[in-house]
Amino acid sequence: MSKIYIKNGRVILKDHIINGAAVTIDNGKITAVSGKVSPKRGSFMIDAKGSFVSPGFIDCHIHGECEKIFFNEAKHGTTSFVIAESCAPLNRIYKRAESIKEFIKRHPFGPNVLGLRLEGPYINRERAGAQDAACIRRPDAKELSGIIERCGPVLKLMTIAPELGGVKPLIGLLRKHKIIASIGHSDATYESAVEGIDAGINHATHTFNAMSPIDRRDPGVTGAVLMDDRVVVEIILDLIHVHRALFGLLLKLKKRGKVIIVTDSLVSEPPEDTMMLGGAYRFENGKLAGSSLTMIGAVKNAIKSANLSLQEALDTITINPAKLLGVEEKKGSIAAGKDADIVIFDKEFDVKMTMIRGKIAFVKGKICAG
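Every position in the sequence shown, counted from 1, becomes a number in the numbering used here once 443 is added.
So, in structure tokens, the structure goes:
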């Protein structure tokens, strides 16, 4: 395979932007970032024409089937993701896990599916939100062991409610298997939430949504995750699920490296009993079911709603999720040796091209097979 050169870009690195720089790609990996490029005959040249050249976006919470997500989201800069499975019968969970395993094996973009996350089944009915309450189950360590065995290494994260009786052994089991224990769909008191964090919870599912809020006498789950540096918080920044002022509050209370923006998008798998209304998916009664947010849209919202710099906003969808998932050696930034997951977009946040592992997945106006 010939080398690929991206020239004339505003290349976004960890701590600065290089104007007019070039990125060299060979065999799906970034090999160099420099001010000049000397291409060899037969190489493939991409002219960024002054647009930003960014690390690929990582969505830690999105719903749908692998191929549909790539098809729908590559045009918005998503290059890697974790697929979320809502609270469902165990057979459906196992079927989803198997489909992910198969996709990872057979598809060129397969390794960029970073795993599966489960919202439940050990959550609180009082905070079920859009989850199917009929599928919520009592904490059962033996059952969870079976889920972990059946889902295998693709299971990366599980949302759990720490106030449920008998849940601490489950948190320990998740930690043992290096699965992220996330607090969410929980009605825990502040004290119960802290106990769960002490037991090993280190992540919060769609912060501010489906969790007990801050009250003057009980800070609840929300207060616990905002105040504890051990917890990485994710937030749906479509400015519908959460008011922009609360995103600003989150940024004041949390270290920047502990904040991740997700879409929780249903675009690739909208439930039959929902409709698009006001920019989000809702049930007939108006209750939120999920978002239609895109990753590039999330960047734009982060900058405009909280006055973040472009690099600060991008961190929330690149290096921060990469660190959470333990893939920062391969993904999350532009540097020699890392996977060539790259997004080119202009100052208007219009995505011009998305590259996944050195293969062009999207160019403006056309989806490429790679």
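Cβ atoms here follow ideal geometry from the backbone N, Cα and C, with glycine treated the same way. This one's a predicted model, so the numbers in the text were calculated from it and none came from an experiment.
Sequence-distant partners of G507 (beyond 5 residues in either direction) whose C-beta falls short of 6 Å from its own C-beta, in its chain, are S711 and E712. Under the DSSP assignment, V676 falls in the beta strand (DSSP E) whose first and last residues are V675 to I679.
With a cutoff of 9 Å on beta-carbon distance, N652 and G572 are scored as near each other. Taking each of G700, R673, I704 and I526 in turn and checking the Cα distance to H649, the smallest one comes out for I704.
Setting aside the 5 residues that flank it on each side, I657 is surrounded in the same chain by G663, T665 and G666, each with a C-beta closer than 7 Å to its C-beta; the list follows chain order. Distance between N555 and I799, taken at the CA atoms: about 8 Å. Bounds of any alpha helix (DSSP H) do not take in C578, whose DSSP letter is neither H nor E. Our two residues, F495 and I455, have alpha carbons roughly 7 Å apart in a direct line. Segment contact: the segment 587-602 against the segment 731-744, fewer than three CB-CB distances shorter than 8 Å; contact not assigned.
The C-alpha of I489 is placed about 16 Å away from the C-alpha of P498.
Separation of K774 and L557 (C-alpha to C-alpha, rounded to the nearest whole angstrom) is 11 Å. For E528, the closest alpha carbon among the candidates G780, L600, D630 and R453 is that of L600. Residue burial is scored here from C-beta neighbours: F487 has fewer than 16 other C-beta atoms within 10 angstroms and is therefore classed as exposed. Take the alpha-carbon of S542 and the one of G478: they are about 43 Å apart. For Y633, the enclosing alpha helix (DSSP H) covers residues Y633 to A642.
Less than 9 Å separates the beta-carbon of E516 from that of S708. Around the beta carbon of E727, fewer than 16 other beta carbons sit within 10 angstroms, so the residue counts as exposed. Less than 9 Å separates the beta-carbon of S655 from that of A631. A residue is called buried when at least 16 other Cβ atoms come within 10 angstroms of its Cβ; S523 meets this threshold and is buried. With a cutoff of 9 Å on beta-carbon distance, V676 and V637 are scored as not near each other.
Out of D672, P714 and T706, the CA that lies nearest to the CA of L694 is found in D672. C-alpha of T706 to C-alpha of F500: approximately 11 Å in a straight line. For R570, the closest C-alpha among the options G627, A465 and K697 is that of G627. DSSP places K585 in the helix class (H, G or I) of the three-state scheme. The alpha-carbon separation between N645 and Y565 amounts to approximately 17 Å.
Collapsing the DSSP output to three states places Y537 in a helix. Between the alpha carbons of E771 and A779 lies a distance of about 13 Å. For the 9 Å CB-CB criterion, K807 and V794 form a contact. The bridge partners DSSP lists for Y565 come to none. The alpha-carbon separation between I590 and L767 amounts to approximately 22 Å. For M738, the uninterrupted alpha helix (DSSP H) segment begins and ends at M738 to A749.
Put simply, the backbone Cα of I460 is about 25 Å away from that of L680.
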